[in-house]
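Everything below concerns the one structure shown next.
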Amino acid sequence: MKNKSLVSINDFTKDEYLKILELAADFEKKPTQNILKDHVIATLFFEPSTRTRLSFETAVSRLSGKIVGFSDSSSTSTSKGETLRDSIRIVSNYSDLIVMRHPLEGSARLASEVASVPIVNAGDGANQHPTQTLLDMYSIWKTQGTLDNLNLFLVGDLKYGRTVHSLLMAMSKFNTTFYFIAPDELRMPDEYKLYLDTKGLKYIECKDFNEYIKEADIIYMTRVQQERFTDPIEYERVKNVYILQRSMLEGTRKNMKVLHPLPRVNEIARDVDESPQAYYFQQALNGVYTRQAIITYMLGIK
Ligand code: CP
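Just so we're aligned, residue 54 is where the sequence shown starts under the working numbering, counting upward by one.
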């Protein structure tokens, strides 16, 4: 599939998701290989990141590939007024694949239209974060043994949370029942509910976290993202609305796992970290194997 970009999670088919998960499992068994030694991967981060950038760079380094790029666009010619369009055309000349994070929705699509190499969207504003979704799916698959017929709780910032938007679209292919736990200000946007309606999938919206918690297979917590709010008073009103406490996990399903794309602020209490249900740190590690799978698949190496 050389030169196809990954901008939206819908750019991959269900079969491709499963192929990526199988490849990730292979890389988890053998993460250090020599298969990218002739490749240069660009990581262009116009917005802060810890996990996404470093796990991509670890993924490439462990496969003997080279990295070029930046984590702070103020040190690039963007600060002199160079357009994204021009920057992408230039970096296409230097690399075999570009991983890009940008604060503007639609920026990854624009980049894919001007690039001569595949673009991997590492997050574009509140829109999509497809590689996070694939590592989330790998984490769900590993912990549940299946992706089919699960009860998936999405909690917190469902309005601006790009990870939940991508995850909803992908998991809708596996007969998931969705539970949306959010305050009124951060409810799941109507377009995503309409998407589920057209597929005949069930979703439940509620504000009380405890009401359905015993039905959860996966609880996917999210941070209320201060950087997406234009009104600081609204952020203050909702920032602490859901805090998962260890006591809330009593009586939940044995298979249930807590996921979080991270970073967290205070939406998961620290004592949850030591519980058998906590899976978010392993989830972040799974990002290395999943991103090895994505890069090698997109370059046509695997
Ligand atoms: N999950 C995630 O995207 O984390 P970073 O913002 O640290 O990359």
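Glycine is no exception: its CB is placed at the ideal position from the N, C-alpha and C atoms.
Taken from the Cβ of Ser126, every heavy atom of the ligand CP lies 6 Å or farther away. For Met153, the uninterrupted beta strand (DSSP E) run begins and ends at 150-155, by DSSP. Val152 has its alpha-carbon roughly 16 Å from the corresponding atom of Asn180. Annotated three-state conformation of Leu338 is helix, per DSSP.
In chain order, Val277, Gln279, Phe282 place their CB closer than 8 Å to the CB of Tyr288, counting only its own chain and leaving out the 5 sequence neighbours on each side.
Straight-line spacing of the CA atoms in Pro171 and Glu264 works out to 44 Å. Of the heavy atoms belonging to the ligand CP, none sits nearer than 6 Å to the Cβ of Leu157. At a Cβ-Cβ threshold of 7 Å, Ile321 and Leu297 count as neighbours.
Straight-line spacing of the CA atoms in Ala112 and Phe65 works out to 20 Å. Spatial neighbours of Glu135 in its own chain (CB-CB distance under 8 Å, excluding positions within 5 residues in sequence) are listed in chain order as Thr129.
The beta carbon of Arg104 sits closer than 6 Å to at least one heavy atom of the ligand CP. Fewer than three pairs of CB atoms, one per stretch, sit closer than 8 Å, so the stretch 81-90 makes no contact with the stretch 98-108. By the C-beta criterion, the stretch 158-173 is judged not to be in contact with the stretch 191-201, since fewer than 3 inter-stretch pairs fall below 8 Å.
In this structure, the CA atom of Tyr332 is about 43 Å from the CA atom of Lys133. Within the DSSP bridge table, the entry for Tyr256 names Phe231 as partners. Between the stretch 91-104 and the stretch 155-163 there are three or more inter-stretch CB-CB distances shorter than 8 Å, so the stretches are counted as touching.
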